[in-house]
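J.: For the record, in the sequence shown the residue sitting at position 32 is 32 according to the UniProt record's numbering, with numbers rising by one throughout. Glycine is no exception: its CB is placed at the ideal position from the N, C-alpha and C atoms.
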Amino acid sequence: MTETVLVTGGAGYIGSHMTLSLLEAGIQVVVLDNLCNSTAESLRRIERICGKAPVFIQGDIRNNAILDNIFTEHRIDAVLHFAGLKAVGESVQKPLDYYSNNVAGSLNLYQAMARAGVFHLVFSSSATVYGEPEQMPISENAPIGTPTNPYGRSKLMVEELLKDLAHSDPRWSIALLRYFNPIGAHESGLIGEDPNGIPNNLLPYISQVSIGKLKELAVFGNDYSTRDGTGIRDYIHVVDLADGHLKALQAISTQSGIHVWNLGTGTGYSVLEMIKAFEHASGVPVPYRIAPRRPGDIAECWADPSKAARELGWQAKRGLEEMMLDTWRWQSGNPQGYME
Ligand code: NAD
Ligand code: WQD
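(1) Given G89, which residues of its chain have a CB within under 7 Å of its CB, disregarding the five upstream and five downstream residues?
(2) Let me check understanding here. Comparing Cα to Cα, which of T128, K163, D164 lies closest to T148?
(3) Is it the case that the stretch 40-49 contacts the stretch 206-221, given that we only count it when at least three CB pairs across the two stretches are under 8 Å?
(4) By DSSP, does Y13 sit in helix, in strand, or in coil?
(5) Per DSSP, which residues does Q58 bridge with? Please list them.
(6) Per DSSP, what kind of secondary structure is I252 in: helix, strand or coil?
(7) Is the beta carbon of S126 closer than 8 Å to that of Y179?
(8) Quick check: what's the CA-CA separation for N262 versus D240?
(9) Determine the contact status of D68 and N34, defining contact as a CB-CB distance below 8 Å.
(10) Under 7 Å Cβ to Cβ from N181, same chain only, skipping five residues before and after it: list those, please.
(11) Go ahead and pull the three-state DSSP assignment for L85.
(12) Using CA coordinates, which residue listed in I298, N102, D223 is at the minimum distance from I290?
(13) My output table needs one value for E193: the three-state DSSP class, helix, strand or coil.
(14) Under 6 Å Cβ to Cβ from S91, same chain only, skipping five residues before and after it: list those, please.
(15) From the DSSP output, read off the bridge partner residues of N262.
(16) How many whole angstroms separate the CB atoms of D243 and W314, which I take to be in contact at a CB cut-off of 8 Å?
(17) Could you check which residue in L249, D304, S210 has the C-alpha nearest to that of S332?
(18) Would you say the beta carbon of P287 is closer than 7 Å to some non-hydrogen atom of the ligand NAD?
(19) The ligand NAD and N64: does the residue's C-beta get closer than 7 Å to at least one heavy atom of that ligand?
(20) Do L80 and V158 have their C-beta atoms closer together than 8 Å?
(21) With a threshold of 7 Å, establish whether the CB of N181 neighbours any heavy atom of the ligand WQD.
(22) So, using beta-carbon positions, are E299 and S225 closer together than 8 Å?
(23) By the three-class DSSP mapping on this structure, what secondary structure does L214 have?
(24) Give me the Cα-Cα distance between A114 and L121, rounded to the nearest whole angstrom.
(25) Once you ignore the five residues that flank Q28 on each side, which residues in its own chain have a CB closer than 7 Å to its CB?
(26) My parser needs the beta strand (DSSP E) runs of 3 or more residues fully inside the stretch 273-323; what are they?
(27) On the DSSP bridge list, what partners appear for R75?
(28) Which residues in the same chain as A251 place their Cβ atom closer than 6 Å to its Cβ, once the five residues preceding and following it in sequence are excluded?
(29) Looking only at its own chain, which residues have a Cβ that is under 6 Å from the Cβ of G192, when we skip the five neighbours before and after it?
(30) Per DSSP, which residues does S124 bridge with? Please list them.
(31) Should F71 be listed as close to the ligand NAD, given that the test is whether its C-beta is under 7 Å from any heavy atom?
(32) Would you kindly work out how many angstroms separate the C-alpha atoms of V55 and T72, rounded to a whole number?
(33) Should G192 be counted as a contact of the ligand WQD given a C-beta to heavy atom distance under 7 Å?
(34) Do A25 and L190 count as a contact pair if the criterion is CB distance below 8 Å?
(35) Going by the CB atoms, is the gap between G266 and residue 366 shorter than 8 Å?
(36) Would the beta-carbon of D68 be found less than 7 Å away from any heavy atom of the ligand NAD?
Spelled out as structure tokens, the structure:
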């Protein structure tokens, strides 16, 4: 049985929702986060929501002394590894930072796990590893593609490393979870996505336009061969995503080897459909203009989530309306994010 887990990056967007879900499920959580893209306020909010708090250690996954200390002080059963950098554009400018945090950091963590005899791991991968897939929906059998940027390559490298690791030693039990596009926030409106500076992703951008923090959304291209010409993605509620991790954690506690699961809904929406759905949920207009395509973007991407349904008994429950309402509740209640 899983009693205590280490969540790296647990103060961040997905990690904070995960930490809350784990605590609610009665699992003890140790969070390791260097707060380079988050604040400890997210952890205080978690305590407000569920009355329980994780143990928090501020530190870097590249620091061996901190890692060894965590594994000595706590009886960790499994690690959920979210820590890393995730801005695609920035990764092109600062590849060394991305390979250092995402690849060297992951390697360091796995070495510390092996030293401590902890072999259960859930890794945050991404649909970006499929590159530009030929067929929709994308199943786990689809060939791995060629990511167009260092961020994507860092995820692919860690996936490959983990496959080698699992094949080298049967004690390892690893879930590679390939996320599609996580959005939304916890229904309390107390935790959510709080990007530094100008957001790169669609939903944070839309929501910051809606509260007047940004002037208008640039829609990156309306000449794709999609139903309305704009890009189509599989947006998944972050709380559904956290539920998927709980199921994956359960699965790897009883079976070894490496397992790949897509976490998506199986439904794609276009950028214009997302704008409309957000306006409907919030009652606030979102001004936008059509802009050129963003380099590296693909036309469409949505998951075949049937493997996770079959093997984990998991499927996303929350629809677009709920994703938008929860995003709006978080953004309108916290216009400055965690900075009150
Ligand atoms: P996030 O930036 O909100 O969270 C990442 C957390 O890791 C932050 O709190 C940051 O401070 C911390 N961190 C970064 N480098 C660290 C280091 N070296 N040591 C310790 N802590 C460190 O991002 P998120 O959206 O919550 O993403 C979590 C994970 O999921 C990432 O690995 C990301 O690549 C992956 N992912 C995210 C998405 C997405 O769209 N959000 C999609 C697919 C995969
Ligand atoms: C969604 C759609 C844009 C912003 C990225 C990473 C991927 C994963 C998730 C981590 C696209 C359009 C966006 C804007 C727009 N991250 N858009 N105006 O590109 O699917 O995926 O985040 O693993 O690796 O690449 O997500 O939210 O940036 O874009 O028109 O201001 O919205 O062109 O069609 P994407 P996104």
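T.: To lay it out plainly:
(1) Spatial neighbours of G89 in its own chain (CB-CB distance under 7 Å, excluding positions within 5 residues in sequence) are listed in chain order as N200.
(2) T128
(3) Under the 8 Å Cβ criterion, the stretch 206-221 does not count as touching the stretch 40-49, having fewer than three qualifying pairs.
(4) helix
(5) By DSSP's assignment, Q58 forms a beta bridge with D33.
(6) When secondary structure is reduced to three states using DSSP, I252 falls in the helix class.
(7) yes
(8) 13 Å
(9) no
(10) Here the set comprises R233, D234, Y235, I236.
(11) coil
(12) Taking only the C-alpha atoms, the option nearest I290 is D223.
(13) Per DSSP, reduced to three states, the secondary structure at E193 is coil, with no helix or strand assignment.
(14) Y98, N149, P150, Y151
(15) Looking at the DSSP output, N262 sits in a beta bridge with R178.
(16) A Cβ-Cβ separation of about 6 Å places D243 in contact with W314 under the 8 Å criterion.
(17) S210
(18) no
(19) In this structure, the C-beta of N64 stays at least 7 Å away from each heavy atom of the ligand NAD.
(20) no
(21) Yes, the Cβ of N181 comes within 7 Å of a heavy atom of the ligand WQD.
(22) The displayed chain sequence assigns Ala, not Glu, to residue 299. For A299 and S225, yes; Cβs fall inside 8 Å.
(23) coil
(24) In a straight line, the C-alpha of A114 is about 11 Å away from that of L121.
(25) Scanning its chain for C-beta atoms nearer than 7 Å, with the 5 sequence neighbours on each side dropped, one finds around Q28 the residues E3, T4, in chain order.
(26) 288-291
(27) DSSP lists no partner for R75.
(28) L312
(29) A185, W330
(30) L177
(31) Because no heavy atom of the ligand NAD lies under 7 Å away, the Cβ of F71 does not count as near it: no.
(32) 14 Å
(33) no
(34) no
(35) Outside the modelled stretch of the chain, which goes from 1 to 340, sits residue 366, for which no answer is possible.
(36) No - the ligand NAD has no heavy atom lying nearer than 7 Å to the Cβ of D68.
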